[in-house]
Ligand SMILES: *Cc1c(COP(=O)(O)O)cnc(C)c1O
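Okay, here's the thing in structure tokens:
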């Protein structure tokens, strides 16, 4: 059975660097080779050998309704009948723009792009355009996509000592990013006092969920809002994961009551189609071309199919739906927790789970809120857990630092099936 996967992965390696189009898909450091997924339905995916898995990766977050939600499918099918790209004004992005601006209290305008990465790239450009300053503060452990200036290592960036975390990034670009530790108010204060006159923006995932689930104290987010105002620095919340997932429709910013100048969205906003967005206050958004001096464009931006997919997905996300999703996740996390404590004489009993709404993370320590606090053996510990679950037909994202995602499809029936699979 695994043979088929291995063979396909060998072929993929011939034509595609590392056999994948995004590195975390490669199962690097794990025993298995990547499963080649043929199809998905509800909470399940099926690989090309016909084995099915309860999917807790959900395309790394976008599929909040599960695979092939019937309503989304119906809307997408009728959208296909109308054509899938115009490169012109169309009513579909207008509908989604209005829907979002009317519901998210701190945004006046929104522009759609094709990915979270593009959204961050645009937000940073607006911040530089608005302030006339160049440097950006980011936090160790927050991921903001694969733009050059965000691929910078921790403990770098101050006074021209920045080091990129990827090859191919120029020293000049690297030197424009300053990386600080999450939760380090003193570090932020010191940095702004010294360099505030050069800093255009502070960018943060208000709920960091790309290097584990590093839940921040609300006070830290409030603190960032206050100090950025004081130093004429824009605050950018990267809500590509937390948007439309945490604290209901309004995302982590509203949940924490901390309103940024700009926000970036991705993942859930397209319901599994390629969409990203940057949104925020009118005064900043109106800096964008064609009315402002900050250039930004996209051949396929606000692609009508993707807009319809996003709209159909978001329309189903009522407060009641969010409550249900949170409860379903809680039951699933409880079941996983019980299994971790008891399975195979406590083989995994060092683990526990962190949950925030429909996200969860397996980690062997409590109250982890920054990168230095993450257990150093996290990847070694993850290998047996991942392989055991995969064997049982339970699919986690193939990396210790990735969070698990639940969807509306992970209902009571799936919970029963999960129990069966876990204890088999
Ligand atoms: C996924 C993610 C990105 C990048 O989005 P892509 O669509 O993969 O380019 C940026 N920021 C955060 C917080 C993300 O989770």
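In my numbering, the protein residues as written are 2 to 425. A virtual CB, placed ideally from N, CA and C, is assigned to each residue, including glycine.
Secondary structure in the stretch 332-405: the alpha helix (DSSP H) runs of 4 residues or longer, each lying completely within the stretch, are 379-392 in chain order. Distances from the alpha-carbon of residue 313 to those of 272, 336, 60, 155 put 272 closest. In the assembly as shown, residue 68 is a buried residue. Its beta-carbon has 16 or more other beta-carbons within 10 Å.
Contact between the stretch 137-144 and the stretch 275-287 is not established, with fewer than three Cβ pairs separated by less than 8 Å. Straight-line measurement puts the Cα of residue 39 at about 21 Å from the Cα of residue 18.
Its Cα nearest to that of residue 231, the residue 189 stands out among 155, 266, 189, 115. Here the distance from the Cβ of residue 276 to the nearest heavy atom of ligand 1 is not below 6 Å. Spanning the alpha carbons of residue 411 and residue 338 requires a straight line of approximately 17 Å. For residue 95, the enclosing alpha helix (DSSP H) covers residues 92-104. Note: residue 272 is bridge-paired with 274 in the DSSP secondary-structure output. Between the stretch 203-212 and the stretch 222-229 there are three or more C-beta pairs closer than 8 Å, enough to call the two in contact. Closer than 6 Å to some heavy atom of ligand 1: that does not describe the Cβ of residue 22. Residue 112 is bridged by DSSP to 279. Using a cutoff of 6 Å, the CB of residue 248 does not count as near ligand 1, since none of the ligand's heavy atoms is closer than that. A direct Cα-Cα distance of roughly 48 Å separates residue 77 from residue 198. Rounded to the nearest whole angstrom, the CA to CA distance from residue 28 to residue 400 is 7 Å.
If you look at residue 49, you'll find it isn't in any beta strand (DSSP E); DSSP assigns it neither H nor E. Your pair residue 288 and residue 131 checks out as a contact, with CB atoms roughly 6 Å apart and the cut at 8 Å. Secondary structure at residue 84: coil, using DSSP grouped into helix, strand and coil. With respect to the 7 Å criterion, residue 109 and residue 370 are not classified as neighbours on the basis of their beta carbons. When the five nearest sequence neighbours on each side are left out, the beta carbons in the same chain lying within less than 7 Å of the beta carbon of residue 380 are those of 30, 401, in order along the chain. Assignment of residue 118 by DSSP, reduced to helix, strand and coil, places it in the helix class.
Judged by pairs of C-beta atoms under 8 Å, the stretch 238-248 touches the stretch 356-366, as three or more such pairs exist.
For residue 229, the enclosing alpha helix (DSSP H) stretches over residues 219-231.
Cβ-Cβ distances below 6 Å link residue 25 to 400 in the same chain, with the five nearest sequence neighbours on each side left out; the list follows chain order. Around the beta carbon of residue 383, a 10 Å sphere encloses 16 or more other beta carbons of the protein chains shown; the residue is thus reported as buried. In this structure, residue 388 sits near residue 32, with a CB-CB distance shorter than 7 Å.
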